[in-house]
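Trainee: The structure that follows is given in the form of structure tokens.
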Amino acid sequence: MENRPSRLWVKNPLAVFTANDLDASGGVVVEGQRIVELVAAGGEPAVACDETYDAGNHVLTPGLINTHHHFYQTLTRAWAPVVNTPLFPWLKNLYPVWAGLSSRDLELATTVALAELLLSGCTTAADHHYLFPTGLDDAIDVEVDVVRRLGVRALLTRGSMTLGEQDGGLPPQSTVQRPEVILADSERLIETYHERGEGAVVQIALAPCSPFSVTQSIMRDSAQLAEQHDVRLHTHLAETFDEEAFCLETFGLRTVDYLESVGWLSSRTWLGHGIHFNDEEIGRLGAAGTAVAHCPSSNMRLASGIARAVELEEAGAPIGIGVDGSASNDASNMILEARQALYLQRLKYGAELVTPQRALGWATKGSARALGRTDLGEIAPGKQADLALFRLDGLRFSGSHDPLSALLLCGADRADRVMIGGTWRVVDSAIVGLDTERLIVQHSEAARRLLASAT
Ligand SMILES: [Zn+2]
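What follows is the structure, given as structure tokens:
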């Protein structure tokens, strides 16, 4: 008997979105951590399977990939003082609250964010963590533990802030760090945790926060370090007109000129938001292959603007989808975020150009490209077996006809099953091995405590 991992046939789904031209109407065969075969309509796997999962009530998609988040912000959702503010006053009010974050708070916040993402069909998530108040030096280490416990994939970014209020920046002085501390910790995290190659579970990227919270020197040094260790670069850019004005006033540069001036205009970089670019800048970003994490809910919530996603994509910039941090969305739901992207981009480009397939493509293959992953984001032989299955027999889908369109148009908000690297992590819309009720109690208590200590 050949010694090989067991073969599972996810059989005859109601509909499949592969994110490519391949036909998987009869389902997919998974062996070990990978997809090994696609089955055509009415077909059978070429080699007999040990197990079959009947997906006759499900729409099957690649696992969704979230490209921008701030997990810690789940503790400050829907906080009254910032419900009706745009980005800058929103930040000014929240910084002092966030400054009180502890390791335990971050552990609970990360668990909540990843649990929500998982339940919405997400299998890989990027987090932008730039907050390192005294006592929270181990923030990324804490996140790695949670990621491993839940069995999701994550690209955790070592964020940073160096430009405090005293030096003309936005964040309070107590939340900024010295550059040498940031760079040493970045190197430590890459060496300790960054996995390379196919099937990587934990990866590290470097992520100075935004033009108005970091110095140009930390941008340059981070780019150099990323190059040296071959890891990715992430930052917020062109999110608001306030930011554009800050760049013009402080650096005498528009945002993309600023990006180029610090050595970031490259395919190593993916940008959070990327809203306010002119035609010439879109051309330059596309030519460089710089990716954009489109965050429609957050952009609407903060009234930041509408990203020019279709034009960026056509210029050559990979487009991914991000739910953004939970203080500006305030939900970590990837399938609903794909729906938001569909609708917000339709407002800009019309109904014909922005299809459900295009939006789902951004949330899967486009997001994978933004994060530099060629092994994820598609259903194809050889790709990692990261899959999301959504049931279409609930009330909200009753009377719908085209299953793939129904997924977004009827507003699917929960996956029934989620597989990561060949292992089921969500079964019957519940996370395997996680006591969600207990988590809610502990996380809510931490959120109350955090606000009480700050006000
Ligand atoms: Zn953000």
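Residues 257 to 711 (the working numbering) make up the sequence shown, in order.
Where a beta carbon is used, it is the ideal one built from N, C-alpha and C, also for glycine.
1) Is it true that the CB of V566 sits closer than 8 angstroms to the CB of V610?
2) Expressed to the nearest angstrom, what Euclidean distance is found between the alpha-carbon atoms of V437 and V470?
3) Buried or exposed for H657, please, with buried defined as at least 16 other CB atoms from any protein chain shown within 10 angstroms of its CB.
4) State the DSSP-derived secondary structure class of H532, mapped to helix, strand or coil.
5) With distance defined between alpha-carbon atoms, name the residue in I577, A708, I562, F502 nearest to K604.
6) Taking all protein chains shown into account, decide if S709 is buried (16 or more other Cβ within 10 angstroms of its Cβ) or exposed.
7) On the three-state DSSP scale, how would you describe Q289?
8) When you measure from the CB of G677 to every non-hydrogen atom of ligand 1, does any distance come out below 7 angstroms?
9) Does K267 come out as helix, strand or coil in the three-state DSSP assignment?
10) Just list the residues that DSSP pairs E550 with in beta bridges.
11) Would you say the beta carbon of G744 is closer than 7 angstroms to some non-hydrogen atom of ligand 1?
12) Is the CB-CB distance between A528 and T496 below 8 angstroms?
13) Which value, in whole angstroms, describes the spacing of the CA atoms of R705 and A624?
14) Take the Cβ of V339 as the centre, count every other Cβ of all protein chains shown within 10 Å, and call the residue buried at 16 or more, exposed below.
15) Would you check if the distance between the CB atom of R673 and the CB atom of L374 is smaller than 8 angstroms?
16) Based on DSSP bridge pairs, tell me the residues matched to S416.
17) In this structure, how does DSSP classify E701 when only helix, strand and coil are distinguished?
18) For T525, which beta-bridge partners are listed by DSSP?
19) Just to confirm before moving on: does the CB-CB distance between C551 and H324 stay below 8 angstroms?
20) Run through DSSP, which three-state label would N276 get?
21) Measure the alpha-carbon distance for V548 versus A626 and round it to whole angstroms.
22) Would you kindly report the start and end of the unbroken beta strand (DSSP E) that includes R673?
23) Starting from T380, follow the alpha helix (DSSP H) in both directions and report where the run begins and ends.
24) Which residues bound the beta strand (DSSP E) around P318?
25) Does the Cβ-Cβ distance between D642 and I676 come in under 8 angstroms?
26) Report the rounded CA-to-CA distance for I396 versus H385, giving the unit in angstroms.
27) With contact counted as at least three CB pairs below 8 angstroms, one residue from each stretch, are the segment 338-354 and the segment 297-305 in contact?
28) DSSP three-state label for V713, please.
Mentor: With the given structure in hand:
1) yes
2) 14 angstroms
3) exposed
4) coil
5) I562
6) exposed
7) coil
8) no
9) strand
10) The question names Glu, but residue 550 in the sequence shown is His. For H550, which the question treats as bridged, DSSP gives the partners I577.
11) As displayed, the chain neither begins before 257 nor continues past 711, which places residue 744 out of reach and without an answer.
12) Looking at the sequence shown, residue 528 is not Ala but Gly. Cβ distance not < 8 angstroms, so G528 and T496 don't count as in contact.
13) 37 angstroms
14) exposed
15) no
16) P464
17) helix
18) L489
19) yes
20) coil
21) 7 angstroms
22) 673-676
23) Here T380 belongs to no alpha helix (DSSP H); instead the beta strand (DSSP E) covers 378-385.
24) 314-318
25) yes
26) 8 angstroms
27) no
28) The requested residue 713 is not part of the displayed model; the chain covers only 257 to 711.
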